[in-house]
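Residue numbers (this note's numbering): 321 to 447.
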């Protein structure tokens, strides 16, 4: 286990969990991949919370916080559909779409949910 990553994780815990945004900060700070941070968190039996795509770790039940939208714009729909890999939208692709369209990541996830698109391949290895 990478002790430096483990120490940073321990220092970043909130209510015994590692928030997704904090996990990415640890990865940037230590110049390691988010996957490595996720692996060390797993070794420490630390759960990730507050998924930036709203898929887990939100609210009192620590569940999803997705809210499907009534209408998905044509450009966003085209980007989501164009980002599909093996029937689902990878997490990194959802982040990329949000960045390209200067949108919140959660808004992309909500649109994907409205389109019946499942998000997979968490960058931290959670799903």
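Think of the CB as a built atom: it goes at the ideal place given N, C-alpha and C, for glycine as much as any other residue.
Check: By DSSP, does residue 409 sit in helix, in strand, or in coil?; Outcome: strand
Check: Whole angstroms are fine: how far does the CA of residue 426 sit from the CA of residue 372?; Outcome: 6 Å
Check: Can you check which of these residues, 406, 324 and 401, is closest to residue 351 by C-alpha distance?; Outcome: 324
Check: Under 8 Å by Cβ, that's how I've got residue 329 and residue 446 pegged, so tell me the actual separation to the nearest angstrom.; Outcome: Going by Cβ atoms, the distance from residue 329 to residue 446 rounds to 14 Å, so no, they are not a contact pair.
Check: For residue 401, is the classification buried or exposed, using 16 other Cβ atoms within 10 angstroms of its Cβ as the cut-off for buried?; Outcome: exposed
Check: Label residue 321 either buried or exposed according to how many other C-beta atoms from any shown protein chain fall within 10 Å of its C-beta, with 16 as the threshold for buried.; Outcome: exposed
Check: Is the beta carbon of residue 392 sitting closer than 7 Å to the one on residue 431?; Outcome: yes
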